[in-house]
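Down below is the structure, laid out as structure tokens.
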Amino acid sequence: MSLETLPEPEIDPERSATELIRLEQVTKRFGDHTVLDRLDFSVDAGKHVTLIGPSGSGKTTILRLLMTLAKPDEGTITVAGQRLYPAPEKQVREVRKKIGMVFQQFNLFPNMSVLRNITEAPVTVLGLDRDEAEARARELLDLVGLADKCDARPTRLSGGQQQRVAIARALAMRPQVLLLDEVTSALDPELVAGVLDLLRDIARSTDITMLCVTHEMNFARDISDQVLMFDSGRVIESGTPEKIFSDPEKDRTREFLGAVL
Amino acid sequence: MTPGLWELVLKGVWTTLQLLFFSALLATAVSFTVGVARTHRLWIVRFVAGFYTEVFRGTSALVMIFWVFFVLPPAFGWQLVPMWAGTLALGLTYGAYGSEIVRGALGAVDPAQREGGIALSFTPWQRMRLILLPQAVPEMVPPFSNLLIELLKGTSLVSVMGMGDLAFSGNLVRLALQESAGIYTYLLLIYFVIAFLLTRLMRGLEKRLKAGVGKAARPRTALPEPVDATLGGAR
Amino acid sequence: MNWDWSAVADFMPHFWDGLLVTLRVLVIGSLISFVLGLVWALLVRVPSRWVTWPVGAVTEFVRNTPLLVQLFFLFYVLPEWGLTLSALTTGVIGIGLHYSTYTMQVYRAGIEAVPAGQWEAATALNLPLRRTWTAVILPQAIRRVVPALGNYVISMLKDTPMLMAITVLEMLGEARLFSQESFRFTEPLTVIGVAFIALSYLASLLLRALERRLVP
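Residue numbers (the working numbering), protein chains in the order written: chain A, 3 to 263; chain B, 17 to 251; chain C, 159 to 374.
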């Protein structure tokens, strides 16, 4: 398995040193419940940012807003200098190409083989020809250690294997940003390590920007450049993992970490 | 359309409603008798009831109507008035579909309820009457409501036998006026209104019955199935 | 009771003719209902009340009124509007249209049963809406609905005799014609009655086998 084969994200060098994602004054409500409250938040290109906090604090909602699976009620979202919200549909499609997502429940397409799951979007969205897309998919399957599962149906795979296919599927689009939404929460405990190791490798060997919601604090400590602590729809504390995990400033953070570590 | 023709249509409505009422009554009786029999502890009872369901769900209602009108009289010496012949054919056929509804709803009652009845040393019939049916009947109302609409549509079949129901009155009016768009549109609208009212009626019934066993009317999520789905139930 | 086997023998050639017509009606009618039902199911998902409301109202109307009267309508009214079709064509269109309002509900339920995560994954991969439907949602939905669609084919089989009322010579039509000419009612009507039971039973066995293959 070689990590050199991993796709290089095409990042404009001018911008790579600066911010890639910006949320300004973003508010999201579900009925009477305000999940995100005038949130300001930005991520620099190539950084690995982990969002932690109690459930219901709005972490997953941020990923869903960035993936355009939900719309904010107020505020703006910008990715790589282009508006994602509010924006016309055509521009949304353009900006969304830069973003990939891995879900808690994998969400592989059960009606397609593993290989088709990975080639489908590169062929229909990026316009790659089938051979090229398949070559790319095989490389990625090799990377995630499932080269022999090309023709298998996703439902025949274990949860850990499905999640690794889902990661390969997201990477096949060569995104600049990878959103990871509690990717190990639905896995049996013995399968978690394999998926996390894979993500560690990807984090180390590429400069894909990662936004990660997780309850795996050791993993967060390993890969993160920055950790954001959420509570009740706001960022209450942010800093390097060393800072947040060993010497948090806020009592709420200390309390939360005490409960999960 | 002249008032005379309208009177014809109204008479047709009345015949359709009567036929609907009688055949619904017979179908309900058949549904419960056969449906309950299919849960009987003796295999022979279950077998006979199952056989009935298979045969009557397998036939076409219209073929059944022809059979009752043309084969029964010479074969058994019965000459039924058309209203009873129609009632018999429709009631027996739709009762077979209904028995599946009854059987399904009885099967869906929590087994613990039956065990509770055994623990109280009720007889099987007491368990059926006091425990199973009161809980199962409210669940039967929505599928029975669909079946009732199918039965209403089925009543139009007797017009083929020359019985003066709503559909038949349409044919008479067409012959009288030599024009068909208007009368058939009216006919369809009248059937639709009757169906709408029946649905409303059944929904009210469902609410009352469910309140009786302390359940809220539940939203329906399952795949819709034809009321006369299959023999033996490929479900 | 008097049963005459020679009357059965005389009827059989007519029976086969009728059976062929019945099966033709069933096959083409089913295909129409499968396609049209899917069209309705997709149209009621269009995010515009100007589309969903009329489609919903028309299909509700067709589903809640008798097929027999709808057949009369098509058979007598279409020619008045200058569209003359054969009785068989009219009947096939009528029965297909009627059943499409049922298959529509089946498709709708099947589409709604596809997990939300599938839509989300398609969005995350930036798949165009069209491709999401054709490559992701419909293949999963249709697999789920095949058994329910099959049940409606069996229902449709039992409604094909209604076409007799608009002069189509399917099984019941042949039986009636034979009866009127020979004054024998018992034999032809019993033969086709048994044929319907046998056909429905065969079809349900076939369907159960198919279901087992589709749902592993």
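Built from N, CA and C at the ideal position, the CB exists for glycine as well.
Any beta carbon of chain C sitting closer than 9 angstroms to that of residue i?
i: THR237/B; result: The predicted position of THR237/B is uncertain, since its pLDDT is 47 and thus under 50; a value taken from the coordinates is nonetheless stated next. Closer than 9 angstroms to some Cβ of chain C, the Cβ of THR237/B qualifies, so yes.
i: ALA197/B; result: yes
i: GLY186/B; result: yes
i: ASN220/A; result: no
i: MET80/B; result: yes
i: LYS27/B; result: no
i: ARG219/B; result: no
i: PHE105/A; result: yes
i: LEU33/B; result: no
i: LYS268/A; result: Nothing can be reported for residue 268/A: it is not among the residues displayed for chain A, which extend from 3 to 263.
i: MET114/A; result: yes
i: GLY129/A; result: no
i: MET69/A; result: yes
i: THR242/A; result: no
i: LEU90/B; result: The identity of residue 90/B in the sequence shown is Pro, whereas the question assumes Leu. PRO90/B counts as touching chain C.
May I ask which residues mark the beginning and end of the beta strand (DSSP E) holding residue i?
i: SER240/A; result: 236-241
i: VAL125/A; result: Counting along the chain, VAL125/A falls outside any beta strand (DSSP E), though it belongs to the alpha helix (DSSP H) covering 116-126.
i: PHE232/A; result: 228-233
i: VAL213/C; result: Taken as a continuous stretch (DSSP letters only), VAL213/C belongs to no beta strand (DSSP E), being part of the alpha helix (DSSP H) at 207-221.
i: ARG85/A; result: 84-87
Between residue i and chain D, is there a C-beta pair that is closer than 9 angstroms?
i: GLN276/C; result: No chain D is present in this structure, whose protein chains are A, B and C.
If you follow the alpha helix (DSSP H) that residue i is in, where does it begin and where does it stop?
i: SER115/B; result: 98-123
i: MET177/B; result: No alpha helix (DSSP H) holds MET177/B; DSSP gives it neither H nor E.
i: ILE136/A; result: The amino acid occupying residue 136/A in the given sequence is Glu; Ile does not appear at that position. Looking at the DSSP string, the run of the alpha helix (DSSP H) that includes GLU136/A is 132-145.
i: LEU205/B; result: 197-228
i: GLY133/B; result: 127-135
i: MET103/A; result: Looking at the DSSP string, MET103/A is not in any alpha helix (DSSP H); the run it does join, the beta strand (DSSP E), is 101-104.
i: ILE2/A; result: Shown here, chain A extends from 3 to 263; a query on residue 2/A therefore has no answer.
Can you list, in chain order, the residues of its chain with a C-beta nearer than 8 angstroms to that of residue i? Leave out the 5 residues immediately preceding and following it.
i: ALA293/C; result: LEU285
i: PRO154/B; result: GLU222, LEU225, LYS226, GLY228, VAL229 and LYS231
i: ARG62/B; result: ALA53, ARG54, THR55 and HIS56
With DSSP run on the structure shown, which of helix, strand or coil describes residue i?
i: GLN27/A; result: strand
i: SER44/A; result: strand
i: ILE246/A; result: helix
i: SER56/B; result: First, the amino acid is wrong: residue 56/B is His here, not Ser. The answer is coil: DSSP assigns HIS56/B none of H, G, I, E or B.
i: ALA250/B; result: At ALA250/B the pLDDT is 32, less than 50, meaning the model places this residue with poor confidence and gives no usable figure here.
i: ASP183/A; result: strand
i: ARG155/A; result: coil
i: THR20/A; result: coil
i: GLU6/A; result: Only weak support is given to the placement of GLU6/A: the predicted model assigns it a pLDDT of 47, under 50, and the value that follows is read from those uncertain coordinates. If DSSP states are grouped into helix, strand and coil, GLU6/A belongs with the helices.
i: PHE341/C; result: coil
i: ILE186/C; result: helix
i: THR78/A; result: strand
i: HIS256/C; result: helix
i: HIS217/A; result: coil
i: LEU379/C; result: No information on residue 379/C is available, as it lies outside the stretch 159 to 374 that chain C covers here.
If residue i sits next to residue j, beta carbons under 8 angstroms apart, how far is it from one beta carbon to the other, in whole angstroms?
i: VAL326/C; j: LEU246/C; result: 5 angstroms
i: ARG119/B; j: THR55/B; result: 7 angstroms
i: LEU226/C; j: ARG301/C; result: In fact, because the Cβ distance is near 34 angstroms, the residues do not count as touching under 8 angstroms.
i: MET177/B; j: ILE81/B; result: 6 angstroms
i: GLN27/A; j: GLU76/A; result: 6 angstroms
i: VAL125/A; j: ALA172/A; result: No, VAL125/A and ALA172/A are not in contact; Cβ-Cβ is about 16 angstroms, not under 8 angstroms.
i: VAL204/C; j: GLY214/C; result: Between GLY214/C and VAL204/C the Cβ distance is about 11 angstroms, and since that is not below 8 angstroms, they are no contact.
i: MET314/C; j: TYR257/C; result: 5 angstroms
i: LYS49/A; j: GLN228/A; result: 6 angstroms
With a threshold of 6 angstroms on Cβ separation, who are the neighbours of residue i within its own chain once the five nearest residues in sequence on each side are excluded?
i: LEU36/B; result: LEU168 and THR171
i: PHE233/C; result: THR248 and ILE324
i: ILE79/A; result: LEU25, LEU86 and TYR87
i: LEU104/B; result: VAL84
i: ALA43/B; result: GLY107, TYR110, GLY111 and GLY114
In chain order, what residues of the same chain lie with their CB nearer than 7 angstroms to the CB of residue i, ignoring the 5 residues before and after it?
i: ARG66/A; result: ALA72
i: GLY66/B; result: ARG54
i: VAL349/C; result: VAL166, PHE169 and PHE173
Check whether chain B comes within 9 angstroms of residue i, counting only Cβ atoms and requiring the distance to be less than that.
i: ASP162/C; result: no
i: ALA323/C; result: yes
i: ALA199/C; result: no
i: GLY214/C; result: no
i: GLY351/C; result: yes
Is residue i close to chain A? Criterion is C-beta to C-beta, closer than 9 angstroms.
i: ARG289/C; result: yes
i: ALA306/C; result: no
i: GLN298/C; result: yes
With respect to 8 angstroms, is the separation between the Cβ of residue i and the closest non-hydrogen atom of the ligand ADP below this value?
i: THR18/B; result: Absent from the structure shown: the ligand ADP. Ligands present: none.
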